[in-house]
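Colleague:
Protein chains: 2
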Amino acid sequence: MTGIYLNGYVWGVESSFAIIAEPHRRAILSLLLSSERSVGDIERELRLSQPSVSKHLRVLRDAGFVESRIEAQRRLYRLRPEPLMELDEWLIPFRRFWSKHLDALEQHLDKMDKVPPVKGKKKHEQP
Amino acid sequence: MTGIYLNGYVWGVESSFAIIAEPHRRAILSLLLSSERSVGDIERELRLSQPSVSKHLRVLRDAGFVESRIEAQRRLYRLRPEPLMELDEWLIPFRRFWSKHLDALEQHLDKMDKVPPVKGKKKHEQP
DNA sequence: GAGGTATATACCCGTCAAGGCATATTACTC
DNA sequence: GAGTAATATGCCTTGACGGGTATATACCTC
Numbered sequence: 026m027t028g029i030y031l032n033g034y035v036w037g038v039e040s041s042f043a044i045i046a047e048p049h050r051r052a053i054l055s056l057l058l059s060s061e062r063s064v065g066d067i068e069r070e071l072r073l074s075q076p077s078v079s080k081h082l083r084v085l086r087d088a089g090f091v092e093s094r095i096e097a098q099r100r101l102y103r104l105r106p107e108p109l110m111e112l113d114e115w116l117i118p119f120r121r122f123w124s125k126h127l128d129a130l131e132q133h134l135d136k137m138d139k140v141p142p143v144k145g146k147k148k149h150e151q152p
Numbered sequence: 026m027t028g029i030y031l032n033g034y035v036w037g038v039e040s041s042f043a044i045i046a047e048p049h050r051r052a053i054l055s056l057l058l059s060s061e062r063s064v065g066d067i068e069r070e071l072r073l074s075q076p077s078v079s080k081h082l083r084v085l086r087d088a089g090f091v092e093s094r095i096e097a098q099r100r101l102y103r104l105r106p107e108p109l110m111e112l113d114e115w116l117i118p119f120r121r122f123w124s125k126h127l128d129a130l131e132q133h134l135d136k137m138d139k140v141p142p143v144k145g146k147k148k149h150e151q152p
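From first to last, the protein sequence lines are chains U and G. Each number in my numbering corresponds to the 1-based position in the first sequence with 25 added. Each number in my numbering corresponds to the 1-based position in the second sequence with 25 added.
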């Protein structure tokens, strides 16, 4: 919908979510948060095989989540903010939604002078 | 990592990302943003098959993204904020990261009194 | 250029999830 | 209770993806 097809790959938010869905890739991004790392660094810190790390980095790079620079035989990977910013933007309307909800809850609680102890937790309807 | 195993399912952020990765499910969530809908409503608005909609809703409900209430033969689904809030929380450190980045960029631009026209766009390294 | 280190890629395989179709289930109407 | 509307579920097939192993590539050192 909001993505652009380019040699069979979907670009934009469309794919960013799918990329982030992989736990190891999220772990890699979290690692890169503090500083750039080589493939070997990630391999050791996450206890992954080297090919696995390389493949994930490939996916992340293709989607713009990371970029790399060469230092001798090593490639140092670092974060790029853009794709994650897009994800964040997708969340905006939902943030409005739940802050509205929390406000309502707060007002509800405010209404009661002293919060009476609840006997049975209200279960969510599960038909 | 941060999830809880419960009858073979992973709960928590762990799975929430995977659930959000599906474009149709994101579309459903966006729909529910404005108001609750029946399965048939979603079916029509998203041009999906009824079983497909039901299955996606099942996944969303199991993960706590939506809840339903019964009205005659129809089930009306509505949003639940919690899981999306968790996703949002995961993004927090990254938000710090990119706001730091944008600050740096801003300061960089401030340094130049008049921004000189750039001749060649700096290409991102693609080894 | 031989040997070693660091990373990328190709290929194969198992798994898993999404869609289609048919069918079951639930609730309403008469 | 028969008929019908709305939704859920089961089964099957297909495609995509991630991991493993082996191999290719790039770069450095001597």
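Just so it is clear, CB atoms sit at the ideal spot from N, CA and C, and this is done for glycine as well.
#1: Give me, in chain order, the residues of the same chain whose beta-carbon lies closer than 8 Å to that of residue 88 (chain G); leave out the 5 immediate sequence neighbours on both sides.
#2: Would you identify the three-state DSSP class for residue 74 (chain G), choosing helix, strand or coil?
#3: On a CA-only basis, which of G:76, G:98, G:110 and G:92 is nearest residue 61 (chain G)? Give me that one, please.
#4: For a test of the three-state rule: what should DSSP assign to residue 79 (chain G), helix, strand or coil?
#5: Do residue 116 (chain G) and residue 113 (chain U) have their CB atoms nearer than 7 Å?
#6: Using 7 Å as the limit for Cβ to Cβ distance, is residue 126 (chain U) near chain G?
#7: CA-CA distance, residue 101 (chain U) and residue 38 (chain G)?
#8: Between G:124, G:73 and G:79, which has its C-alpha nearest residue 106 (chain U)'s C-alpha?
#9: By a C-beta neighbour count over all protein chains shown, 10 Å radius and 16 as the cutoff for buried, is residue 83 (chain U) buried or exposed?
#10: Look at the alpha carbon of residue 47 (chain U) and the alpha carbon of residue 67 (chain U), and state the distance between them as a whole number of angstroms.
#11: With which residues is residue 91 (chain G) paired in a DSSP beta bridge?
#12: For residue 132 (chain G), I'd like the list of residues in its chain whose CB is within less than 7 Å of its CB, leaving aside the five on either flank, ordered along the chain.
#13: Judging by CA-CA distance, which residue of U:51, U:58, U:135 and U:98 is the nearest neighbour of residue 121 (chain G)?
#14: Give me whichever residues DSSP pairs with residue 124 (chain G) in a beta bridge.
#15: Rounded to the nearest angstrom, how far is the Cβ of residue 50 (chain U) from that of residue 104 (chain U), given a contact under 8 Å?
#16: Counting only Cβ-Cβ distances shorter than 7 Å, please list the residues of the segment 60-77 of chain G near chain U, keeping chain order.
#17: Could you give the C-beta distance for residue 56 (chain U) and residue 90 (chain U), rounded to a whole number, given that I count them as a contact under 8 Å?
#18: Residue 42 (chain G) versus chain U: which residues are under 9 Å apart at the beta carbon?
#19: Which first and last residues belong to the alpha helix (DSSP H) in which residue 40 (chain U) is found?
#20: With a threshold of 7 Å between beta-carbons, can residue 132 (chain U) be considered close to chain G, or not?
#21: Name the residue from U:64, U:118, U:69 and U:96 whose alpha carbon lies nearest to the alpha carbon of residue 81 (chain U).
#22: At which residues does the alpha helix (DSSP H) containing residue 52 (chain G) begin and terminate?
#23: If the cut-off is 9 Å on Cβ atoms, which residues from the segment 92-122 of chain G count as contacting chain U, listed in chain order?
Modeller: Taking the structure as given:
#1: Counting only residues of its own chain and dropping the five nearest sequence neighbours on each side, residue 88 (chain G) has a CB closer than 8 Å to the CB of 36, 40, 41, 44 and 108.
#2: Correct three-state label for residue 74 (chain G): coil.
#3: Per the Cα distances, G:92.
#4: Here residue 79 (chain G) sits in helix by DSSP.
#5: Taking 7 Å as the Cβ cut-off, residue 116 (chain G) and residue 113 (chain U) qualify as a contacting pair.
#6: Interface with chain G (7 Å Cβ-Cβ cutoff): residue 126 (chain U) is included.
#7: Roughly 28 Å between the two C-alpha positions.
#8: Among G:124, G:73 and G:79, the Cα nearest to that of residue 106 (chain U) is on G:124.
#9: Its Cβ having fewer than 16 others within 10 Å, residue 83 (chain U) is exposed.
#10: Rounded to whole angstroms, residue 47 (chain U) and residue 67 (chain U) show a C-alpha spacing of 15 Å.
#11: Looking at the DSSP output, residue 91 (chain G) bridges to G:104.
#12: Hits under 7 Å: none found.
#13: Of U:51, U:58, U:135 and U:98, the residue nearest in Cα terms is U:58.
#14: Residue pairing by DSSP places residue 124 (chain G) opposite no residue, since no beta bridge is assigned to it.
#15: Incorrect: roughly 12 Å between the Cβ atoms, too far for contact.
#16: For the segment 60-77 of chain G, the set of positions with a beta-carbon nearer than 7 Å to some beta-carbon of chain U is empty.
#17: With a Cβ gap of about 12 Å, residue 56 (chain U) and residue 90 (chain U) do not count as contacting.
#18: Simply 42, 45, 46, 47, 48 and 51.
#19: Note, residue 40 (chain U): alpha helix (DSSP H), 38-45.
#20: Chain G, which has no Cβ nearer than 7 Å to the Cβ of residue 132 (chain U), makes this no.
#21: Nearest C-alpha to residue 81 (chain U): U:64.
#22: If you look at residue 52 (chain G), you'll find it in the alpha helix (DSSP H) that goes 48-59.
#23: Answer set for the segment 92-122 of chain G: 92, 93, 94, 95, 100, 104, 105, 106, 107, 109, 110, 112, 113, 115, 116, 118, 119, 120, 121 and 122.
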